[in-house]
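Quick note, the sequences are listed as chains A and B, same order. Numbering that gives the first Met the number 0 puts the first residue of the first sequence at 0, with every later residue one more than the last. Numbering that gives the first Met the number 0 puts the first residue of the second sequence at 0, with every later residue one more than the last.
2 protein chains.
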Amino acid sequence: MTAAVRRARETEPADALPLGPPHRNATLTALNETHDPQLRSWVASANTQGNDFPIQNLPFGAFSRAHSQEAFRVGVAIGDQILDLTAAYASGAFNGSDDALAATQACCVPTLNALMDLGPSAWSALRLALSRALRLGAPEQALLAPCLLPQDQAEFAVPARIGDYTDFYTSVHHATNIGKLLRPDNPLLPNYKWMPIGYHGRSSSIGVSGQAVRRPISQVMRPGVSAPELAASARLDYELEVGVYLGRGNALGEPIALDQAEQHVFGLCLFNDWSARDVQGWEYQPLGPFLSKNFASTVSPWVITLEALAPYRQAWTRAEGDPQPLPYLDSTALRCQGAINIALEVYLQSAAMRDQGLPPHRVSHSNFRDAYWTVSQMVAHHTVGGCNLQSGDLLGSGTQSGAAADEAGSLMELSLGGKQPLSLPSGETRTFLEDGDTVVFRGHCQANGAARIGFGEVRGTVLPARSLTA
Amino acid sequence: MTAAVRRARETEPADALPLGPPHRNATLTALNETHDPQLRSWVASANTQGNDFPIQNLPFGAFSRAHSQEAFRVGVAIGDQILDLTAAYASGAFNGSDDALAATQACCVPTLNALMDLGPSAWSALRLALSRALRLGAPEQALLAPCLLPQDQAEFAVPARIGDYTDFYTSVHHATNIGKLLRPDNPLLPNYKWMPIGYHGRSSSIGVSGQAVRRPISQVMRPGVSAPELAASARLDYELEVGVYLGRGNALGEPIALDQAEQHVFGLCLFNDWSARDVQGWEYQPLGPFLSKNFASTVSPWVITLEALAPYRQAWTRAEGDPQPLPYLDSTALRCQGAINIALEVYLQSAAMRDQGLPPHRVSHSNFRDAYWTVSQMVAHHTVGGCNLQSGDLLGSGTQSGAAADEAGSLMELSLGGKQPLSLPSGETRTFLEDGDTVVFRGHCQANGAARIGFGEVRGTVLPARSLTA
Chain A
0 MTAAVRRARE TEPADALPLG PPHRNATLTA LNETHDPQLR SWVASANTQG NDFPIQNLPF
60 GAFSRAHSQE AFRVGVAIGD QILDLTAAYA SGAFNGSDDA LAATQACCVP TLNALMDLGP
120 SAWSALRLAL SRALRLGAPE QALLAPCLLP QDQAEFAVPA RIGDYTDFYT SVHHATNIGK
180 LLRPDNPLLP NYKWMPIGYH GRSSSIGVSG QAVRRPISQV MRPGVSAPEL AASARLDYEL
240 EVGVYLGRGN ALGEPIALDQ AEQHVFGLCL FNDWSARDVQ GWEYQPLGPF LSKNFASTVS
300 PWVITLEALA PYRQAWTRAE GDPQPLPYLD STALRCQGAI NIALEVYLQS AAMRDQGLPP
360 HRVSHSNFRD AYWTVSQMVA HHTVGGCNLQ SGDLLGSGTQ SGAAADEAGS LMELSLGGKQ
420 PLSLPSGETR TFLEDGDTVV FRGHCQANGA ARIGFGEVRG TVLPARSLTA
Chain B
0 MTAAVRRARE TEPADALPLG PPHRNATLTA LNETHDPQLR SWVASANTQG NDFPIQNLPF
60 GAFSRAHSQE AFRVGVAIGD QILDLTAAYA SGAFNGSDDA LAATQACCVP TLNALMDLGP
120 SAWSALRLAL SRALRLGAPE QALLAPCLLP QDQAEFAVPA RIGDYTDFYT SVHHATNIGK
180 LLRPDNPLLP NYKWMPIGYH GRSSSIGVSG QAVRRPISQV MRPGVSAPEL AASARLDYEL
240 EVGVYLGRGN ALGEPIALDQ AEQHVFGLCL FNDWSARDVQ GWEYQPLGPF LSKNFASTVS
300 PWVITLEALA PYRQAWTRAE GDPQPLPYLD STALRCQGAI NIALEVYLQS AAMRDQGLPP
360 HRVSHSNFRD AYWTVSQMVA HHTVGGCNLQ SGDLLGSGTQ SGAAADEAGS LMELSLGGKQ
420 PLSLPSGETR TFLEDGDTVV FRGHCQANGA ARIGFGEVRG TVLPARSLTA
């Protein structure tokens, strides 16, 4: 990566960069003029240090004006603003490029699915057109300035129609941590290092950041008793995950090869896979988690495209002594740049902290580059048996935990199964989530010679359980 | 049930039966004039003994004229014909009932979801109108006769847009049989008798009867070796299941109580949950089946409404010594009529049998009334933690096996894990499915004093695996 990034940094001003026309096999991992860290936007807030949405990012989401009856529609985050692509399409700003115009037209709807269906060359053409039109001095400024809406005046929707959601388990640290709690003598099962373990999740209960999550009531088996009871979960937890949106799918029976996999990926988001550990412990054998997971999952509003993530790609390696992947899960490209450097953080804010004016408190951090399995391996494995993926499908990375104790992506791990409480700045402690707790995930990417881009955040607050007697 | 059925049998001719107007809390389990076994249709084939689709059945499906470019649309099976509801709506035959007309209008689309969304009173009103209009001597005959298409001139689609698919595990005989093969010392896990165990499945790969199922290639771990390999499944199996389509859903966080559960169920179908046992054995710990199930599942074209199944309801009981269900999974109505008597059969036809002109051979049979958990318990448990169901969602019952050896709903069970081959009339034997095998499930309902109704069939044929070197 270093050489590639250096190339971008040392180039002439962006407009002078050679860039071929978008093509069907657009390499979403190659750097191009849209990644130039010198670029500045005429949207002033996009140029602020530390802001998540500089002109090098350009993530997509679905929004409408808050408290309005407007339909949701696709927009692009730029600084603290949203570029309304329906308005931008009508403005004529993109009339100069047929590809970009067609891609913008596919955004005049409530979800990203139509854009996703167009495939990587269209995504690339739109990104390039947006980058050029939003640059400082771009002649499109006059047409596009009226198409901006401040993000704090918007509400968001789940950005895609998610047909199927699959959750993976790609952090070996998480799998080992959880395994130690459940099976001390056999923490990591023998299949783990051979395949990206995954299972099907529930699509219908996926909501967008800001979701209020009601504490689930379900069957639990308390220690020392002989019969289960129906009770509110006492071990409610979050899971720090990266979400992966499929772009174009595949036909049933037609696998996606590893080296083609990223052509089918539209982008990434932050993802909280809320989990009820006591429910999970009682129900999950032999067919996997069910009610312990399906009461809610939350995505961040913005989808960071794979192309925007190109500067943060890293080599992917296998630890000494671990099995090398089978050929269908291995390639040179994977070894060179299969991993993605995304710094992830978890913040917790209790109701008392809100009352005291205390900000959310960081309880852990990890990095997606430490995942044992990559995005392309998830896609290749998911489809190798013929399963068909569709545009808008969501893959969860599984909880992203690092090797260190403070890099655990769930309270189950941080509190060692509830045995070691965490301290909050309010003087409170936590083993699992309490009613009123707000959980915030943040993520960002940094690399030498590249701009810093961010994922925004995914946020959710725990509501008390329904009355058991109602 | 006996008394209720006797009442239906002893009634006056159907038109004289008292029947109130459809109402919001229509009881889908109560008998009414549409169940009268004396009813005959002006569609002559519907009156043939042993035919699956007499006028007492009236199942819904999505069809189009075979080899045409026509859009799929909703129809009703009657004898060997399909009543095209788009054509029927236009014919004016239902103009006499606002409720039935609105329900028919909701059928002028490619899937059943719009009808499902209307709820039980609309379903009931449409069933009543169809029953009256298709009866021998009905004045609507002249308008509706041109709206018929022979079933053998139609092709079918998956009848609903299935958002989420959940597979349950409701047969204690199947769970015990499989458990004995996997965990001889601990076949039935402690949670089994306390809750309907379920897990999320893959929606995108659900197809309709006639599906050609390509043998999946995936990771398997052969006995006696130290590393897995990518290989075509050598233990491909079917699973004999009943599918349950949700009618109206529930809001996220709002459970459906047991006694309301059937108000949310539109109807039932036959369902083959194809399974690759060698893939399953290697991958399923700790998060459940994944590639072993998601390569294909097949539904029958016709959805038998819950109302059509009213005459075949039976008492639901717990065996002596088994735990009684927790209150949220128990009720008087459940005890009186929670079970449904549906006779299920599995037939197998190899390529050689087809060549020799031998018909499909029955390899096992079971009955849905023997399920340990009922439809309403599946719905109540699925939602108790707040998970939202949506119209068109599919619940699989899990493999339906009976207590006897020839009542096993999968080859895994029938062949005792591959150790005891089955004999076919062609002189061949089977432990698991071979390329070219066709699997057919059939189902029907019979009860004293009620008409016999059938489910039609669900059929699928195994294609060879893709080349591993391609």
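We treat Cβ as the ideally placed atom computed from N, Cα and C, and that holds for glycine.
Reduced DSSP category for residue i - H, G, I as helix; E, B as strand; rest coil
{"i": "Leu467(A)", "result": "coil"}
{"i": "Pro21(A)", "result": "Its pLDDT being 36, under 50, Pro21(A) is placed unreliably by the model, and nothing is read from it."}
{"i": "Gly280(A)", "result": "helix"}
{"i": "Gln140(B)", "result": "helix"}
{"i": "Ser329(A)", "result": "Residue identity check: residue 329(A) is Asp in the sequence provided, not Ser. DSSP places Asp329(A) in coil when its eight states are reduced to three."}
{"i": "Ala7(A)", "result": "Its pLDDT being 34, under 50, Ala7(A) is placed unreliably in this model, and the coordinates cannot settle the point."}
{"i": "Leu421(A)", "result": "strand"}
{"i": "Leu114(B)", "result": "helix"}
{"i": "Gln259(B)", "result": "helix"}
{"i": "Ser363(A)", "result": "strand"}
{"i": "Asp405(A)", "result": "helix"}
{"i": "Gln37(A)", "result": "coil"}
{"i": "Arg247(B)", "result": "coil"}
{"i": "Asp369(A)", "result": "helix"}
{"i": "Val42(A)", "result": "coil"}
Contacts that residue i makes with chain A (C-beta to C-beta distance below 9 Å)
{"i": "Val383(B)", "result": "Pro215, Ile216, Ser217, Gln218, Leu229 and Leu290"}
{"i": "Phe489(B)", "result": "Here chain B covers residues 0 to 469 and nothing more, so residue 489(B) does not appear."}
{"i": "Leu325(B)", "result": "Gln218, Ala226, Pro227, Glu228 and Leu229"}
{"i": "Tyr168(B)", "result": "Pro285 and Leu286"}
Residue i, enclosing beta strand (DSSP E) - first and last residue
{"i": "Asn271(A)", "result": "Val264 to Asn271"}
{"i": "Asp166(B)", "result": "Tyr164 to Phe167"}
{"i": "Leu394(A)", "result": "Leu393 to Gly395"}
Selection from the options that minimises the alpha carbon distance to residue i
{"i": "Asn46(A)", "options": "Asp436(A), Arg234(A), Ala76(A) and Phe62(A)", "result": "Ala76(A)"}
{"i": "Leu267(A)", "options": "Pro58(A), Tyr371(A), Ile81(A) and Arg39(A)", "result": "Pro58(A)"}
{"i": "Ala370(A)", "options": "Asn387(A), Asn112(A) and Glu240(A)", "result": "Glu240(A)"}
{"i": "Ser365(A)", "options": "Ser349(A), Cys386(A), Pro358(A) and Ala342(A)", "result": "Ala342(A)"}
{"i": "Leu27(B)", "options": "Leu462(B), Gly118(B), Gly356(B) and Asn190(B)", "result": "Gly118(B)"}
{"i": "Val278(A)", "options": "Asp236(A), Phe167(A), Glu306(A) and Arg72(A)", "result": "Asp236(A)"}
{"i": "Pro300(B)", "options": "Val42(B), Cys386(B) and Phe62(B)", "result": "Phe62(B)"}
{"i": "Ala314(A)", "options": "Asn340(A), Val302(A), Ala174(A) and Val298(A)", "result": "Asn340(A)"}
{"i": "Leu413(A)", "options": "Ala338(A), Leu148(A), Gln218(A) and His173(A)", "result": "His173(A)"}
{"i": "Thr331(B)", "options": "Gln376(B), Gln355(B) and Gln389(B)", "result": "Gln376(B)"}
{"i": "Ala450(A)", "options": "Ala43(A), Ser44(A), Ser409(A) and Phe52(A)", "result": "Phe52(A)"}
{"i": "Leu245(A)", "options": "Pro195(A), Met194(A) and Val302(A)", "result": "Val302(A)"}
{"i": "Glu427(A)", "options": "His360(A), Met220(A) and Thr316(A)", "result": "His360(A)"}
Cross-chain neighbours of residue i in chain B, by beta carbon under 8 Å
{"i": "Ala318(A)", "result": "Those within 8 Å of Ala318(A) in chain B number zero; the least Cβ separation is about 17 Å."}
{"i": "Glu282(A)", "result": "Asn190, Met194 and Ile196"}
{"i": "Val278(A)", "result": "Gly384"}
{"i": "Tyr515(A)", "result": "Outside the shown range of chain A (0 to 469) lies residue 515(A), about which nothing can therefore be said."}
Residue i CB to nearest heavy atom of the ligand SAM below 6 Å
{"i": "Ser232(B)", "result": "Because no ligand of any kind appears in the structure shown, any question about the ligand SAM cannot be addressed here."}
Where the alpha helix (DSSP H) through residue i begins and ends
{"i": "His173(A)", "result": "Val171 to Leu181"}
{"i": "Arg126(A)", "result": "Pro119 to Leu133"}
{"i": "Leu410(A)", "result": "Leu410 to Leu413"}
{"i": "Gln104(B)", "result": "Asp97 to Gln104"}
{"i": "Thr382(B)", "result": "Val374 to Val383"}
{"i": "Arg353(B)", "result": "Ala350 to Asp354"}
Closer than 7 Å at the beta carbon, the chain B residues around residue i
{"i": "Gly200(A)", "result": "His199"}
{"i": "Ser204(A)", "result": "Leu251, Cys386 and Asn387"}
{"i": "Gly287(A)", "result": "Tyr198, Leu286 and Gly287"}
{"i": "Phe294(A)", "result": "Gly384, Gly385 and Cys386"}
Bridge partner(s) assigned by DSSP for residue i
{"i": "Cys444(A)", "result": "Ile452(A)"}
{"i": "Glu228(A)", "result": "Val219(A)"}
{"i": "Gln80(A)", "result": "Ile77(A) and Pro149(A)"}
{"i": "Glu344(B)", "result": "His364(B) and Arg441(B)"}
{"i": "Asp236(B)", "result": "Ser274(B)"}
Within chain A, the residues that residue i reaches when beta carbons sit closer than 8 Å
{"i": "Ala226(B)", "result": "Trp193 and Pro322"}
{"i": "Gly162(B)", "result": "Gly162, Ser202 and Ser203"}
{"i": "Tyr237(B)", "result": "The premise fails here: Tyr237(B) is roughly 16 Å from chain A at the closest Cβ pair, so nothing lies under 8 Å."}
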